[in-house]
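For the sequence shown, position 45 matches number 44 in numbering that gives the first Met the number 0, and the numbering has no gaps at all.
Worksheet: the structure to be examined is printed underneath.
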Amino acid sequence: MKHIIVLNTLLKSPEIEKILDVNLLFEFKSLFIDPIGFNLRNNTAHGLLDDNEASSSASIYAWWFILKLIIHSIK
Numbered sequence: 000m001k002h003i004i005v006l007n008t009l010l011k012s013p014e015i016e017k018i019l020d021v022n023l024l025f026e027f028k029s030l031f032i033d034p035i036g037f038n039l040r041n042n043t044a045h046g047l048l049d050d051n052e053a054s055s056s057a058s059i060y061a062w063w064f065i066l067k068l069i070i071h072s073i074k
């Protein structure tokens, strides 16, 4: 049986700091898991993301952030 690690646990693990740059890790946390940040993962998973918030600057930034990661992984 595979062990499932949720995003919150993954981004708070000490091993992730060896893989991701500090700034990149900060962006991930503030966009997706930090309750003080935008917390997009929680809002999306629990149906709290309404139409206005889905087109907010945080959502648009998250979209471009993920696109940037994909483009850089191709290079």
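Just so it is clear, CB atoms sit at the ideal spot from N, CA and C, and this is done for glycine as well.
Counting along the chain, the unbroken alpha helix (DSSP H) around isoleucine 69 starts and ends at 56-73. Under the criterion of beta carbons closer than 8 Å, leucine 10 and lysine 28 qualify as touching, at roughly 5 Å. For valine 21, the three-state secondary structure derived from DSSP is helix. Excluding sequence positions up to five before and after isoleucine 65, its CB lies less than 6 Å from no other CB in the same chain. As the crow flies, the alpha-carbon of isoleucine 3 is around 19 Å from that of histidine 45.
If you draw a straight line from the Cα of isoleucine 18 to the Cα of leucine 24, it comes to about 9 Å. Shortest Cα-Cα distance from serine 54 to any of Glu14, Ile70, Phe37 involves Phe37.
Its chain contains Phe31, Ile32, Arg40 as the residues whose beta carbon lies nearer than 7 Å to that of leucine 6, once the 5 sequence neighbours on both sides are disregarded; these appear in chain order.
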